[in-house]
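If you read the protein sequences in the order shown, they are chains W and C. Residue 1 is where the first sequence starts when you use the working numbering, and the numbers rise one by one after that. Residue 1001 is where the second sequence starts when you use the working numbering, and the numbers rise one by one after that. Glycine is no exception: its CB is placed at the ideal position from the N, C-alpha and C atoms. Everything numeric in this text was worked out from a predicted model, so none of it was measured.
2 protein chains.
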Amino acid sequence: MSALWGIDNPNIKILDCSVRDGGLVNDHRFDLDFVQAVYRACAAAGVDYMEVGYKNSDRIFPRDANGAWKYCDEDDLRAVVGENPETGLKLSCMIDAEKSDWRTAVLPKEKSPLDLIRVAFYDYQVDEAVAMIDDAAQKGYEVCANLMAVTAVDESVIDRVLERLVETPTGTIVIVDSFGSLTPAQTEYLTQKYFRFANAAGKEVGMHAHNNMQLAFSNTLTSARCGATRLDASIGGLGRGAGNCPMELLLSVVNAKNYRLRPIIECLENALVPLRREIEWGPLPEYMLTGQFNQHPRAAIAARKEPETRDRFLALYDRLREKCEEAK
Amino acid sequence: MSALWGIDNPNIKILDCSVRDGGLVNDHRFDLDFVQAVYRACAAAGVDYMEVGYKNSDRIFPRDANGAWKYCDEDDLRAVVGENPETGLKLSCMIDAEKSDWRTAVLPKEKSPLDLIRVAFYDYQVDEAVAMIDDAAQKGYEVCANLMAVTAVDESVIDRVLERLVETPTGTIVIVDSFGSLTPAQTEYLTQKYFRFANAAGKEVGMHAHNNMQLAFSNTLTSARCGATRLDASIGGLGRGAGNCPMELLLSVVNAKNYRLRPIIECLENALVPLRREIEWGPLPEYMLTGQFNQHPRAAIAARKEPETRDRFLALYDRLREKCEEAK
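Here's what the structure looks like:
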C-alpha cells in the first residue's frame, strides 16, 4: 500500500490555535519570539488562519496577572505580523461571552490586523453571543461561532442554539469538544447535525477537538469527512490539558499537497521542545479520565499540579466515578 | 449529550499485548512482579487474552542477551499464572517466522498454560507461516495469523497471502500496522478486505495498531466498526516505539459494560508509572515521522537513543524525505 491516504477537499481551511489555546496553560505569557516563530511557521506552511489569543476584559482579568495574548491589543498584534508581508496567513482572535468588553475592544476591521473574530460562549450565553456575532460582522470581520463544551449540552439545547446561530451573520459554526469526550460515533453524529443546520444557511462547520482520549486528530478527520471545512490544530498539539489536534499530523493527511510540513517540524523542534521544559500539556492519563467522564479538565489540571496528586490515577478515577454516580 | 457512545458487539474479544510488544523495548527484561501485575489487572478487568512474549529461538537470540519473555518457557509461564485460578484470562504467545524453533518449542497444548499461538510473519515468509499455523493447530491451540508491516506490502501480495491463510486452520487473521502508518480511510479499506476473505472462510479479523500518528485507538475502533472482533491493546499503550492502542481507552468505549476499567487504572499507576522512568515509548514526533513516511520505526528509535539526535525532528524529517524521494 502507498502511504497516507488522506482527505482532499479544496474548501477546507486550517486554523492554528497554538498560541490561543496554549495561552490557557500559561496565562498567555508567551514571549514575542515564540509567537513570531509560530506565525512564521504557519505562514511558510500555508496554514490559513492563526489565532493569537483573546480580546478579553482587563477589568475582569488584571493586566499584571496575564500575558499580552489575553487582550490582543492591536499594537501587540502588529508586533507579531511585522510589516504584515503578504503571507496569506490571516489573523484570528477569540472573544468570550461575559468576559470581553467586545463593544469597545473589537475595533473596526480597517483599524486592526485581525481578519477573523471567533465568539466563544456556553449555551446559556447565546443571547450575548448573537449580539457579539452581529457586532463583529458589522465591524467588517469574518466570524465563527463556538458553542463550548458541547458534550455537556442537552441535544435539544444544541438544536435551539444552532437555530439561533443560522440566523446570524456568522460564517462558520464550530463544534467545540472542550472536554475531549467525543467518540468517533458522536463526532460523526454531531458533525452531520451541525452540517444540516449550517449548510442550509450557507454556512460552514468547524471542528475544535481536544486530545484527552487521543482522538483529537482522528475526530478532526472524521468531521472533515462529514463536511466540516474549518479545522483547528496546534503545533505539537499545544493547548490546555490534553491539548489539541497536532498540526504536524493534520497537514500530512488533509490536503497534503497544499501545505508544507517542513516549517511546522522546524517550529516543533525549535520552539515547542524548549516550551515543554516550562509547561506541560498532552494526553496524560489524568486528562483521559476527565474526558471519559465527560468533565471539564480542571480536576486533572489540579491533580497534575502537585507532586502528591500527580500520577495518582486511581484516586482521580474514584473521585470522578463517585461524582458521576451522584449525578445520576 | 451523554458520555462515550461506544461500540457494543458481544463477539469482540480483547487481547493485552503489553508484555509482548513492550518486550521489544527492553529485550523482554520484565521482572515477574511486573508481568504478574499486568496479568492480575487483565484478569480483574475481564480482558480476554494476555500475550506474554515470544517463543523464539535461543540459538538465534542468546539467553544472556534477553529476558525470559523472548522464549516463554512453560515454567516461566506457570510462574505468571500461579495456580492458574479460573480467571477466564487466556494466555497467548507469539512465534516469529525464521526466528522460532516452533516445531519443538511449541509443546502440545495439554502440556502448556498457553491457549493461543499467534504466528507473525512477513509476506515473503508465508510458506513457513502456513506450516507454523498447521503445527500449532494440530497441537491443540487456537491460532492467529499476523502478516506484519501490512502498509509496506503491495495490495496484490496482501490478496495472495489472504488467499493462503483462509485455507489454513487459523481462527483469526490480524491486520498488523507495524509502522503505525494507516490512516482511518486505509484502516476501513483494509478491514473490509480482510473481513471479506475471513468471513467467507468462517474466520475472524483482528487489529494490531501502532500509535505513531496518534491513531492506534481510533483505528482499532474503525476496524471494530468494520467487522474486526479481535482487538489488541496494551496498558498505557506500552509497546515498541510509539506503542499500541491504550487498553484504558479501549475498555471505556468497546463493550464497556463487560469490562472493568478500575484494575487497569490501578496497574497504570502502580506498574506503568515506575516503568516509564526506565524505558520510553509513546507517540513522540520521531515516531510520527517514520509513521508518516511509512517506514519501520528503527530510524526513530535510533534518533531517540542519543542526546545529540533526540528531539532533532528536522534532521530526521529531511533524511526520511530524501530516502522517500530516492525510492521513487
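Taking the alpha helix (DSSP H) that residue i falls in, what are its first and last residues?
i	result
F313 (chain W)	F313 to A327
K55 (chain W)	First-last for K55 (chain W): undefined, no H or E at that position.
F1217 (chain C)	A1216 to R1225
G1291 (chain C)	P1285 to Q1292
I1265 (chain C)	R1262 to C1267
C343 (chain W)	One cannot answer for residue 343 (chain W) here, as it falls past the ends of chain W, which runs 1 to 328.
D134 (chain W)	V126 to Q138
A1207 (chain C)	The question names Ala, but residue 1207 (chain C) in the sequence shown is Met. Not the alpha helix (DSSP H): M1207 (chain C) falls in the beta strand (DSSP E), residues E1204 to H1208.
N1211 (chain C)	Looking at the DSSP string, N1211 (chain C) is not in any alpha helix (DSSP H), and its letter there is neither H nor E.
A1200 (chain C)	P1184 to A1200
T168 (chain W)	Note, T168 (chain W): premise wrong, no alpha helix (DSSP H); not H, not E.
F1034 (chain C)	L1032 to A1045
V1273 (chain C)	V1273 to R1276
S1252 (chain C)	M1247 to V1253
V1080 (chain C)	E1074 to V1081
W102 (chain W)	W102 to A105
Determine the direct distance from the alpha carbon of residue j to that of residue i, and round the result to whole angstroms.
i	j	result
V1205 (chain C)	L114 (chain W)	51 angstroms
A1271 (chain C)	R277 (chain W)	25 angstroms
F195 (chain W)	E1188 (chain C)	23 angstroms
V1025 (chain C)	E1306 (chain C)	15 angstroms
P1263 (chain C)	I1279 (chain C)	22 angstroms
L1107 (chain C)	K1139 (chain C)	7 angstroms
D154 (chain W)	G227 (chain W)	23 angstroms
L1190 (chain C)	T1183 (chain C)	10 angstroms
D1033 (chain C)	R1040 (chain C)	10 angstroms
Q1295 (chain C)	L4 (chain W)	12 angstroms
V1143 (chain C)	T1172 (chain C)	7 angstroms
P1274 (chain C)	R1310 (chain C)	22 angstroms
E1308 (chain C)	L268 (chain W)	17 angstroms
Q186 (chain W)	Q214 (chain W)	15 angstroms
E1098 (chain C)	E1074 (chain C)	21 angstroms
V1019 (chain C)	V1035 (chain C)	7 angstroms
L238 (chain W)	A300 (chain W)	16 angstroms
D31 (chain W)	R59 (chain W)	23 angstroms
S218 (chain W)	F1217 (chain C)	9 angstroms
G1236 (chain C)	V1080 (chain C)	20 angstroms
Excluding sequence positions up to five away, which residues of its chain have a Cβ less than 8 angstroms from the Cβ of residue i?
i	result
V176 (chain W)	A120, N146, L147, M148, A149, V150 and H208
R312 (chain W)	A303
C1104 (chain C)	Before going further, note that residue 1104 (chain C) is Thr rather than Cys in the sequence given. Cβ neighbours of T1104 (chain C) beyond the five flanking positions: none.
D1134 (chain C)	T1168 and P1169
L231 (chain W)	I12, K13, I14, L15, G206, M207, T220, S223, A224, C245, L250 and V254
A1065 (chain C)	D1027
W1102 (chain C)	K1055, I1095, M1132, D1135 and A1136
I1007 (chain C)	L1221, A1224, R1225, V1253, V1254 and N1255
Just to confirm my understanding: we take residue i, look at its own chain, exclude 5 residues before and 5 after, and list those with CB closer than 7 angstroms. What are they?
i	result
C1072 (chain C)	V1052, G1053, Y1054, K1055 and C1093
R164 (chain W)	V126 and V130
K90 (chain W)	D48, Y49, D115 and L116
F61 (chain W)	K70
Y29 (chain W)	Correcting the residue identity first, residue 29 (chain W) is Arg in this sequence and not Tyr. Within the same chain, R29 (chain W) has close Cβ partners G67.
Where does the unbroken beta strand (DSSP E) through residue i begin, and where does it stop?
i	result
K1090 (chain C)	K1090 to D1096
T1172 (chain C)	T1172 to V1176
A1120 (chain C)	L1116 to F1121
K13 (chain W)	K13 to D16
A1233 (chain C)	R1230 to A1233
Cutting at 6 angstroms between CB atoms, please list the residues of its own chain near residue i, excluding the five before and the five after it.
i	result
Y1141 (chain C)	K1109 and I1117
A242 (chain W)	G180, H210, N211, N212, P283 and Y287
V1161 (chain C)	D1123, V1126 and L1147
T1087 (chain C)	A1043
P297 (chain W)	G241, Y287 and T290
V174 (chain W)	C144, N146, G206 and H208
T229 (chain W)	N11, I12 and E204
V1166 (chain C)	F1197 and A1201
N1199 (chain C)	none
- prompt: Taking contact to mean at least 3 C-beta pairs separated by less than 8 angstroms, is the segment 212-225 of chain W in contact with the segment 255-269 of chain W?
  reply: At 8 angstroms Cβ cutoff, the stretches do not touch.
- prompt: On the three-pair Cβ rule with 8 angstroms, is the segment 279-293 of chain W touching the segment 1310-1325 of chain C?
  reply: no
message: Please list, in chain order, the residues of the segment 301-312 of chain W that have any C-beta partner in chain C closer than 8 angstroms.
response: Within the segment 301-312 of chain W, the qualifying residues are D311 and R312.
- request: Using a Cβ-Cβ cut-off of less than 7 angstroms, give me the residues of the segment 205-218 of chain W that come near chain C, in sequence order.
  value: M213, Q214, L215, F217 and S218
query: Going along the segment 1269-1295 of chain C in order, which residues come within less than 7 angstroms of chain W, judged by CB to CB distance?
result: E1269, V1273, P1285, M1288, Q1292, F1293 and N1294
field: Within 8 angstroms of chain C by C-beta, residues of the segment 167-198 of chain W in sequence order
entry: S181, T183, P184, A185, Q186, Y189 and L190
- request: Could you name the residues of the segment 254-265 of chain W whose beta carbon sits closer than 8 angstroms to any beta carbon of chain C, in the order they occur along the chain?
  value: Residues are counted here when their Cβ sits less than 8 angstroms from a Cβ of chain C; for the segment 254-265 of chain W these are L261, R262 and I265, given in chain order.
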